[in-house]
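K.L.:
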Amino acid sequence: MAGPVLEMRSIVKTFPGVKALSDVTLTVQQGEVHAICGENGAGKSTLMKVLSGVHPHGSYEGDILFEGEICTFKDIRASEQHGIVIIHQELALVPYLSLAENIFLGNEHATRGIISWSETLKHATELLRRVGLSDHPDTRVADIGVGKQQLVEIAKALSKKVKLLILDEPTAALNDEDSGKLLDLILELKKQGITSIIISHKLNEIRKVADSVTILRDGRSIETLDVKAKETTEDRIISGMVGRDLEHRFPERTPHEPEVGAAPALEIRNWTVHHPIDQQRKVVDDVSLQVRRGEIVGIAGLMGAGRTELAMSVFGRTYGRYHGGKVFKDGKEIRTKHVPEAVKHGIAYVTEDRKHYGLNLIDTIGRNISLSALGKVSKRGVVDEHEERQVAEDFRKSMNIKAPTVFEQVGRLSGGNQQKVVLSKWIFAGPDVLILDEPTRGIDVGAKFEIYTVIDQLAAQGKAVVFISSELPELLGMCDRIYTMAAGRLTGEFSRAEATQEVLMRQMTKDKEVTR
Amino acid sequence: MSTDVTDKSPAPAPPGKAADGGGLLQLMLDGMRRNMRQYGMLIALGLIVALFAVWTDGDLLLPRNVSNLVLQNSYILILAMGMMLVIIAGHIDLSVGSLTAFVGSIAAVLMVKNDLPWPLAVVLCLLLGAAAGAMQGFFIAYLGIPSFIVTLAGMLLFRGLTEIFLEGQTLGPFPKGLQKVANGFLPEVGPNTNYHNLTLLLGFALIAFVIYQEMRDRKRSQEFSLEVPPVKLFVLKIVALVSALLTVTLLLASYKGAPVVLLILGVLVVGFGYVMRNAIVGRHIYAIGGNLPAAKLSGVKDKKVTFLVFLNMGMMAALAGLVFAARFNAASPKAGLNFELEAIAASFIGGASMSGGVGTVLGAIIGGLVLGVLNNGMNLVGVGTDWQQVIKGMVLLAAVGFDVWNKRKVGS
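So the sequences go chain by chain: A and B. Every number in the numbering used here is 1 more than the matching position in the first sequence, counting from 1. Every number in the numbering used here is 79 more than the matching position in the second sequence, counting from 1.
#1: How about K398 of chain A: is its C-beta nearer than 9 Å to some C-beta of chain B?
#2: Is any beta-carbon of chain A found at less than 9 Å from that of Y365 of chain B?
#3: Rounded to the nearest angstrom, what separates T179 of chain B and V340 of chain B at their Cα positions?
#4: Suppose the cutoff is 8 Å on Cβ atoms and the five residues either side in sequence are ignored; what does the same chain contact list for K209 of chain A look like?
#5: Taking DSSP's pairing of strands, which residues face D64 of chain A in a bridge?
#6: Find the nearest neighbour of R218 of chain A within the set A:S99, A:L66, A:V51 and A:S240, judged by alpha-carbon distance.
#7: For a cutoff of 9 Å on Cβ pairs, would you count A373 of chain B as touching chain A?
#8: CA-CA distance, M394 of chain B and L205 of chain B?
#9: Find the residues of chain E that neighbour N361 of chain A, judging by a C-beta separation of less than 8 Å, and give them in chain order.
#10: Strictly below 7 Å CB to CB, what residues from chain A border N357 of chain B?
#11: Mind pulling the alpha helix (DSSP H) runs of 4 or more residues that sit fully within the stretch 226 to 263 of chain B?
#12: So, does the CB of L305 of chain B fall closer than 9 Å to a CB anywhere in chain A?
#13: Can you round the beta-carbon distance between M163 of chain B and A443 of chain B to whole angstroms, since I take them to be within the 8 Å contact cut?
#14: By DSSP, does L437 of chain A sit in helix, in strand, or in coil?
#15: Who are the Cβ neighbours of L473 of chain A in its own chain at under 8 Å, not counting the five residues just before and after it?
#16: Starting from the beta carbon of P341 of chain A, find every residue of chain B whose beta carbon is closer than 9 Å, and list them in chain order.
#17: Going by beta-carbon coordinates alone, are D331 of chain A and A266 of chain A separated by less than 9 Å?
#18: Roughly how many angstroms separate the alpha carbons of M473 of chain B and F481 of chain B, rounded to a whole number?
#19: Of the residues B:N144, B:G183 and B:A287, which one's Cα is nearest the Cα of A414 of chain B?
#20: What are the start and end residues of the alpha helix (DSSP H) that includes C204 of chain B?
#21: Using a Cβ-Cβ cut-off of 6 Å (strictly less than) and excluding sequence neighbours within five positions of G100 of chain B, which residues of its own chain qualify?
#22: With DSSP as the reference, label Y323 of chain A as helix, strand or coil.
#23: With a Cβ-Cβ cutoff of 9 Å, do L186 of chain A and V142 of chain A count as a contact?
#24: Per DSSP, which one or two residues make a beta bridge with L166 of chain A?
#25: Alpha carbon to alpha carbon, what distance is there between S160 of chain A and I88 of chain A?
#26: Does the beta carbon of S432 of chain B sit closer than 9 Å to a beta carbon anywhere in chain A?
#27: Quick one: what's got a C-beta closer than 7 Å to E81 of chain A's C-beta in the same chain, skipping five residues either side?
#28: Below 8 Å on the Cβ atoms is my guess for L173 of chain B versus T241 of chain B; work out the distance and round it to an integer in Å.
#29: Run down chain B in chain order and give the residues with a C-beta less than 7 Å from the C-beta of T352 of chain A.
#30: Would you grab the beta carbon distance between V51 of chain A and K14 of chain A for me? Rounded to a whole angstrom, and I think it's under 8 Å.
#31: Hey, quick one: how far does the alpha helix (DSSP H) through D286 of chain A stretch, first residue to last?
#32: What number of angstroms, rounded off, separates the C-alpha of A210 of chain B from the C-alpha of L305 of chain B?
#33: Nearest CA to the CA of Q30 of chain A: which residue from A:C38, A:I198, A:I104 and A:R381?
#34: Note down, in chain order, each residue of its chain lying with its Cβ closer than 8 Å to the Cβ of I444 of chain A, except the 5 sequence neighbours on either side.
#35: Determine, using beta-carbon pairs with one atom in the stretch 438 to 452 of chain B and one in the stretch 127 to 147 of chain B, whether at least three such pairs fall under 8 Å.
#36: Would you mind giving the Cβ-Cβ distance between T352 of chain A and D438 of chain A, rounded to the nearest angstrom? I have them listed as a contact below 8 Å.
Put into structure tokens, the structure is as follows:
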């Protein structure tokens, strides 16, 4: 090893109202594979965006030294010219162009604007061979699997004379076999002298490929560990990831005592769902769980664990391809094939993506709240606007939605207030079971507490609450019981007394046990 | 971000005047700001009317010409209302011009060639239009084919069928009864008052109804202890509404009275306005256009709603086809040419958004009237059809451009 190739010193990056990175330092040695891990929202992706010029020089504080020089990248192109290439989690390939065209997109072999196809094909074939693909360069990207597409992205990076390759959760969407191939390729590239940074949650992967690992937590770099050293166990990494000071506050909650004999409000049995496009891939694999009235049940898991997919497929099959499983409500099997059926049976799903799946941003607060239960403010198909407005006003007051009137466009509200509107909408629908998917994502601490209080009240009213979250402290603070999920499977179930961050994180980072 | 809206608003409120107790103007401006697009177009319509009234030495506002204006634009306005719903739902319908012609041709075949009684033929034609719309709606809603493609196909298909049924000929004349509906005026009753009595009565009834509705609305709001606008503003609104309605009533009553078509239009505007504002299905149309995934996850039956919107559009196209054919007393293979574009333009001028979820029925009428007054006014001052198209194109671009600019400034 010949000293550091990259040094990021005291990086601070603030977005309006949020400090995404505060004082992050990262040192990557020449020729190593350096892993970065941390919980969702720890600042991993932001850090990589700063490095690759997505957030240009001047929009952050601190220095980046690459090969000993201070970098002032103003965009991605500038960082690529220095040999820093980032491969994002969502692949950036054009599906209807060929492999060769994608590899050289924006970087074509051309003279005066005319592409030289023979040269393109020759180089594309070489690059594809280097990443272990034997497909013809004329194949369309849409016709190959996600695993191969990931390799094409790497070929594209190689075509840019990459020195430092950044991979953002490269295996999140891959099956075991493809993941294995990809990790082997990273080791192969390392032999060829290419330094890599790999962002990953999966500890077994980190152990397999990485030389060192830097842990981020709450926008700070906590420590850098030598992966090959004996004392760096998975537990050691986990404690680094979760060991934060518990500064979040939760409403006082008396844990729920399960009533004996009563059937659970919601029970899911052997639920299996396949990916909507890659239909061989199981996104939810044989999951069974139950939740009782008055109980708050958490589902912990990292990105891609299948939590949202489980919830959405149960709620009117709005995600993926259903491959079996049953839903029971109060002990009776129910059909939830379409959303209106699920709603009729008293199930509500509050989405993690309120902007795309939760709200009509161009419409008013009042009309958003009433949408899923218009029947309640209508007679014979006609909406009583006065009653609707009254309902909206009541929610505005009780949920403390900060807006001058209920005629305010939802798109103008802050994230926390938007979340309160989505919650109001589903509370108004009057469900028995609420599935809350990341209900506090992207909102400030004050609003979080208000939302925790609402959730607590809902449980106290005897509603069954499923609480999906990536933030372990909030699950620990709110839930009576917590399930963990990893790679589409349920990997554990813990009572409030048993659950700790370490125990949960261990089950969340568990890849399929069979592979061990 | 929302706080600086008021500061940057273009409304020319002189800072001195706003302060000195004359809060009425301020209140008006505040109300208008909230509905910039609607009021903007209403003001534009007023300006266009004023401009041409001056330019034509008042000919534009002659009672005869106002009657004409209504008759000339009735079918476009009918189409525009249906189109508004389609666009709010996030779709487009290119087939309505051809469908208009197609229904006209079938109407002629039924009434002229086969001597069917005209009321029966009218019902059959409306059902046919609904069926045609339903067919397109099925492809769009349930098979998921983009509406642009389905209705582009429909545009070719219905145009072709029109020519087949008419064998390239023009068919006419239509029964007297139907002609009266499309071209005629309300019957004359009562003593001679120099005005058309029935029209006056209807006008006054409408005015009374509007006042009653507004009062009731206000009272209901107060019952629910909700905030209501101040009395001054409320009175001003009523005065404005009443004077506008009174002017139109008197204008029409001093000629031959209200055209029958105007009555049909009025019923449709009120009906569709009510449905879009107050009915659950109306809400659902806005919801699927505004954010389809969110609407689906809220339990809106998006496919059924989309289907109904196109079924309705088909029926409206049929109605427009009947009115058009009866007005010109003939069904022609070239009828309804470019009507779809006029209806789409009217909707966008009237406040619809390309991405759906926005717009009102009244907006479609305002947009249609802007185009109609432009047509009529330019005809009166002798602008050729070549320049008319150029000017209409620029108006469409300016109206939507203003909207985009206004939205960006607000920063939403």
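Ideal placement from N, C-alpha and C gives every residue a C-beta, glycine not left out.
P.N.:
Straight from the coordinates:
#1: Here residue 398 of chain A is taken as the residue at index 397 of the first sequence, counted from 1. Cβ-Cβ to chain B under 9 Å: no for K398 of chain A.
#2: What you label residue 365 of chain B is simply residue 286 of the second sequence in a count that begins at 1. For Y365 of chain B, the answer is yes, since a Cβ of chain A falls inside 9 Å of its Cβ.
#3: Here residue 179 of chain B corresponds to residue number 100 of the second sequence, with the count starting at 1. Here residue 340 of chain B corresponds to residue number 261 of the second sequence, with the count starting at 1. Spanning the two alpha carbons is a distance of roughly 16 Å.
#4: Indexing the first sequence from 1 puts residue 209 of chain A at position 208. Counting only Cβ-Cβ distances below 8 Å, and skipping sequence neighbours, we find L184.
#5: Within the first sequence, residue 64 of chain A is the residue found at index 63, counting from 1. For D64 of chain A, which the question treats as bridged, DSSP gives the partners A:R10.
#6: Position 217 of the first sequence, counted from the start, is the residue given in the question as residue 218 of chain A. With distances taken between Cα atoms, R218 of chain A lies closest to A:S240.
#7: For this step, residue 373 of chain B is matched to residue 294 along the second sequence. A373 of chain B counts as touching chain A.
#8: The sequence position of residue 394 of chain B within the second sequence is 315, counting from 1. The sequence position of residue 205 of chain B within the second sequence is 126, counting from 1. Just so you know, the alpha carbons of M394 of chain B and L205 of chain B end up roughly 5 Å apart.
#9: Annotation note: the requested chain E is absent from the structure, which comprises protein chains A and B.
#10: For this step, residue 357 of chain B is matched to residue 278 along the second sequence. Neighbours of N357 of chain B on chain A, chain order: V383, V384 and E386.
#11: List check, alpha helix (DSSP H) in window: 226 to 245 and 255 to 262.
#12: Working through the second sequence from its first residue, we reach residue 305 of chain B at position 226. Closer than 9 Å to some Cβ of chain A, the Cβ of L305 of chain B qualifies, so yes.
#13: Here residue 163 of chain B is taken as the residue at index 84 of the second sequence, counted from 1. Here residue 443 of chain B is taken as the residue at index 364 of the second sequence, counted from 1. That pair is a contact at about 4 Å.
#14: Counted from its first residue, the first sequence places residue 437 of chain A at position 436. It is a strand residue.
#15: The residue given as residue 473 of chain A occupies position 472 in the first sequence. Excluding five sequence positions before and after L473 of chain A, the CB atoms of its chain that fall closer than 8 Å to its own CB belong to E40, V243, A301, Q502, L505 and M506, given in chain order.
#16: Taking the first sequence and counting its residues from 1, the one referred to as residue 341 of chain A is at position 340. Correct list: G378, V379 and K380.
#17: For the purposes of this step, residue 331 of chain A is taken as residue 330 along the first sequence, with counting starting at 1. For the purposes of this step, residue 266 of chain A is taken as residue 265 along the first sequence, with counting starting at 1. Yes. Within cutoff.
#18: Residue numbering aside, residue 473 of chain B sits at position 394 when the second sequence is read from its first letter. Residue numbering aside, residue 481 of chain B sits at position 402 when the second sequence is read from its first letter. The alpha-carbon atoms of M473 of chain B and F481 of chain B are separated by roughly 12 Å.
#19: Working through the second sequence from its first residue, we reach residue 414 of chain B at position 335. Closest in C-alpha terms to A414 of chain B, from the list B:N144, B:G183 and B:A287, comes B:G183.
#20: Position 125 of the second sequence, counted from the first residue, corresponds to residue 204 of chain B. Residues W197 to A220.
#21: Taking the second sequence and counting its residues from 1, the one referred to as residue 100 of chain B is at position 21. Caution applies to G100 of chain B, whose pLDDT of 42 falls short of 50 and renders its modelled position unreliable; the value that the coordinates give is listed next. Same-chain partners within the cutoff: there are none.
#22: Start at 1 with the first residue of the first sequence, and residue 323 of chain A comes out as number 322. Three-state DSSP puts Y323 of chain A in a strand.
#23: Here residue 186 of chain A corresponds to residue number 185 of the first sequence, with the count starting at 1. Here residue 142 of chain A corresponds to residue number 141 of the first sequence, with the count starting at 1. Not closer than 9 Å, so no.
#24: Here residue 166 of chain A is taken as the residue at index 165 of the first sequence, counted from 1. DSSP lists A:V86 and A:S197 as partners of L166 of chain A.
#25: Sequence index remark: in the first sequence, residue 88 of chain A carries index 87 (1-based). Sequence index remark: in the first sequence, residue 160 of chain A carries index 159 (1-based). Between I88 of chain A and S160 of chain A, the C-alpha separation is close to 13 Å.
#26: Residue 432 of chain B sits at position 353 when you count from the first residue of the second sequence. At least one chain A Cβ lies under 9 Å of S432 of chain B.
#27: Your numbering for residue 81 of chain A matches position 80 in the first sequence. K161, listed in sequence order.
#28: Position 94 of the second sequence, counting from 1, holds the residue named residue 173 of chain B. Position 162 of the second sequence, counting from 1, holds the residue named residue 241 of chain B. With a Cβ gap of about 15 Å, L173 of chain B and T241 of chain B do not count as contacting.
#29: Your numbering for residue 352 of chain A matches position 351 in the first sequence. Simply L376.
#30: Taking the first sequence and counting its residues from 1, the one referred to as residue 51 of chain A is at position 50. Taking the first sequence and counting its residues from 1, the one referred to as residue 14 of chain A is at position 13. With a Cβ gap of about 6 Å, V51 of chain A and K14 of chain A count as contacting.
#31: Along the first sequence, read from residue 1 onward, the residue named residue 286 of chain A stands at position 285. Membership of D286 of chain A in any alpha helix (DSSP H) is not indicated; the residue belongs instead to the beta strand (DSSP E) covering K283 to V292.
#32: In the second sequence, the residue the question calls residue 210 of chain B occupies position 131. In the second sequence, the residue the question calls residue 305 of chain B occupies position 226. Their backbone Cα atoms lie some 44 Å apart in a straight line.
#33: Mapped onto the first sequence, residue 30 of chain A falls at position 29. Among A:C38, A:I198, A:I104 and A:R381, the Cα nearest to that of Q30 of chain A belongs to A:I198.
#34: Residue mapping note: residue 444 of chain A aligns to position 443 of the first sequence, counting from 1. Counting only Cβ-Cβ distances below 8 Å, and skipping sequence neighbours, we find S415, G416, G417, Q420 and I452.
#35: With contact defined as three or more Cβ pairs closer than 8 Å, the stretch 438 to 452 of chain B and the stretch 127 to 147 of chain B are in contact.
#36: Stepping through the first sequence from its first residue, residue 352 of chain A is reached at position 351. Stepping through the first sequence from its first residue, residue 438 of chain A is reached at position 437. Between D438 of chain A and T352 of chain A the Cβ distance is about 6 Å, and since that is below 8 Å, they are a contact.
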